[in-house]
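Just so we're aligned, residue 174 is where the sequence shown starts under the working numbering, counting upward by one. Idealized CB from N, CA, C, for every residue including glycine. A short write-up of the structure that comes next.
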Amino acid sequence: MLKAFFTLVTIKAYFHSFKNLLERNSAPLVRRKHSLVMKN
């Protein structure tokens, strides 16, 4: 039970850091997309 919880936390932390990395890499793209969405 405790091991499963620990695994879940680890996966969550790993996914979070991976998402941050993706956001940092695609920040200009996302910003451009947001400005397009705001106009429409």
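For residue 199, no alpha helix (DSSP H) segment is defined, and its DSSP state is neither H nor E. In the displayed model, residue 174 falls within coil according to three-state DSSP, outside both helix and strand. For the pair residue 184 and residue 193, the Cα-to-Cα distance works out to about 14 Å.
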